[in-house]
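**Student:**
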Amino acid sequence: MRNDAAACIAVDWGTTNRRIYRLAADGALLDRHRDGHGIARMTRGDYPAAIVAIRAEDAGAPVILAGMAGSSRGWHEVAYVAAPATIADLAAGAWRGTGENVTILPGVAAAPDAAPDVMRGEEVQILGAIAAGLAPADALFCQPGTHSKWIRTADAAIASFRTAMAGETFGLLRRHSVLSEMLQAEPVAGAAFDDGVARGVEDRDLLGALFSVRAGVLLGRLARHDAASFASGVLIGADVASGVATGESVHLVADAKLGAFYARAIGLRGGTVIAIDSEAAFVAGVNRIREAMA
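Using numbering that gives the first Met the number 0, you'd call the opening residue of the sequence shown number 0 and step up by one each time.
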């Protein structure tokens, strides 16, 4: 066992990636590890051995799992808690394994009177950001990704949210559409992206705007090397237009690369971006949930 043995190990277990955080007794982050062992690469029978490996240097340390490990495709399905959802609600809805010293946190479902929507993992970061003082109790958050999330909080609770398949749609267009050959360049946050954002925000004809990528290249009105940037801008612009009102402040929880595209689009929309450290938010969320479960 290491001299700096962890008092708790928290895992943000996504579909494609896994982030492991070793925490001290006072909640301080000792170290972290990221790998590609998301749930898409796991079967239910793989999890016990994975947990043993995760705490190989911290024998007996409790493990808290957030994200897709609690989904229908994960280890143990944990029921969603309904919005409005607080730290206390997540703690109360957690699944506690008998004998394994493992806790799996629930996700959050939209309120029964809202359009159907769900999240797993984002809720820990959002409520953690508020708990750590990184964001106010009443705020608008954006978490870009394969499925971007726009989350509104009220009184330190997740009040409402919407999910958009922005990242996944771009990936599908890139691999399986008539636009595929035109979208192989990496998007760049420049003039072509800005033009796409404007089209996505103002036109709202998303399907027509996407086909215009092909038409623009064929007619010489859009450079082929700009096609991916324009298409990315269209999708992100449409997402931003639906997620934030003109001039609104947005707390952005994202990695640097994707966050830069969303920050630019929100700025073009007239919004103000407040960057949130996603790692600090997640650790703070786990620590508050640990306190609530004690």
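Every residue gets a Cβ at the ideal spot worked out from N, C-alpha and C, and that includes glycine.
Note that the structure is predicted; figures quoted are calculated from it, not measured.
#1: Using 8 Å as the Cβ pair cut-off and three pairs as the minimum, do the region 35-51 and the region 259-274 touch?
#2: Assuming Y261 contacts A255 (C-beta within less than 8 Å), just tell me the rounded distance between them.
#3: For the pair the region 80-100 and the region 23-36, tell me if three or more CB-CB distances fall below 8 Å.
#4: Using C-beta distances below 7 Å, list every residue in its chain close to C7, excluding the 5 sequence neighbours before and after it, in chain order.
#5: For M0, count the other beta carbons within 10 Å of its own beta carbon; 16 or more makes it buried, fewer makes it exposed. Which is it?
#6: Tell whether a beta-carbon distance below 8 Å holds between L217 and A230.
#7: Roughly how many angstroms lie between the CA atoms of G266 and P105, to the nearest whole one?
#8: What residue range does the beta strand (DSSP E) around L217 cover?
#9: For A91, is the classification buried or exposed, using 16 other Cβ atoms within 10 angstroms of its Cβ as the cut-off for buried?
#10: Alpha carbon to alpha carbon, how far is R43 from T97?
#11: Does the beta-carbon of G284 have 16 or more other beta-carbons within 10 angstroms, so that it is buried, or is it exposed?
#12: Around the Cβ of L251, are there at least 16 other Cβ atoms within 10 angstroms (buried) or fewer (exposed)?
#13: Using the beta-carbon count (16 or more within 10 Å), is R18 buried or exposed?
#14: Taking the C-alpha atoms as reference points, what is the distance between G219 and L178?
#15: Using 10 angstroms around the beta-carbon of I142, count the other beta-carbons present and answer buried if the total reaches 16, otherwise exposed.
#16: Could you give the residue range of the alpha helix (DSSP H) that holds G284?
#17: Which residues bound the alpha helix (DSSP H) around G242?
#18: Using C-beta distances below 7 Å, list every residue in its chain close to V101, excluding the 5 sequence neighbours before and after it, in chain order.
#19: Quick one: Cα of A291 to Cα of I129, how far?
#20: Does DSSP classify L133 as helix, strand or coil?
#21: Could you compute how far the alpha carbon of V212 sits from the alpha carbon of S228?
#22: Judging by CA-CA distance, which residue of G127, V10 and D57 is the nearest neighbour of H36?
#23: Should S70 and R119 be called a contact, given that it needs their Cβ atoms to be closer than 8 Å?
#24: Answer with buried or exposed for Q124, where buried requires no fewer than 16 other C-beta atoms within 10 angstroms of its C-beta.
#25: Looking only at its own chain, which residues have a Cβ that is under 7 Å from the Cβ of R138, when we skip the five neighbours before and after it?
#26: What ranges does the alpha helix (DSSP H) occupy inside the region 66-118, keeping only unbroken runs of at least 4 residues that lie completely in it?
#27: By a C-beta neighbour count over all protein chains shown, 10 Å radius and 16 as the cutoff for buried, is T245 buried or exposed?
#28: Looking only at its chain, what residues have a beta carbon closer than 8 Å to the beta carbon of R174, apart from the 5 residues adjacent to it on each side?
#29: Mapping DSSP to helix, strand and coil, what is A24?
**Tutor:** Short version:
#1: Here the region 35-51 makes no contact with the region 259-274; the two share fewer than three CB pairs at distances below 8 Å.
#2: With a Cβ gap of about 11 Å, Y261 and A255 do not count as contacting.
#3: No: the two stretches stay apart, fewer than three of their Cβ pairs being nearer than 8 Å.
#4: L22, A60, P61, I63 and R289
#5: Any reading at M0 needs caution, since the residue's pLDDT is 44, under 50, leaving its predicted position unreliable; the model's value is listed next. Answer is exposed; the Cβ neighbour count stays below 16.
#6: no
#7: 34 Å
#8: Here L217 belongs to no beta strand (DSSP E); instead the alpha helix (DSSP H) covers L205 to L217.
#9: exposed
#10: 16 Å
#11: Only buried fits G284, as 16 or more other CB atoms lie within 10 angstroms of its CB.
#12: buried
#13: buried
#14: 15 Å
#15: Residue identity differs from the one stated: residue 142 is Gln in this sequence, not Ile. So Q142 ends up on the buried side.
#16: S277 to M292
#17: A226 to G242
#18: I50, V62 and L64
#19: 15 Å
#20: coil
#21: 10 Å
#22: Of the listed residues, the one whose Cα sits closest to H36 is V10.
#23: yes
#24: buried
#25: It should be noted that the sequence gives Ala, not Arg, for residue 138. Closer than 7 Å at the Cβ level, and outside the excluded window around A138, lie T152 and H250.
#26: 86-91
#27: exposed
#28: Non-local beta-carbon contacts of R174 in its own chain, meaning distances under 8 Å to residues more than five positions away in sequence, are absent.
#29: coil
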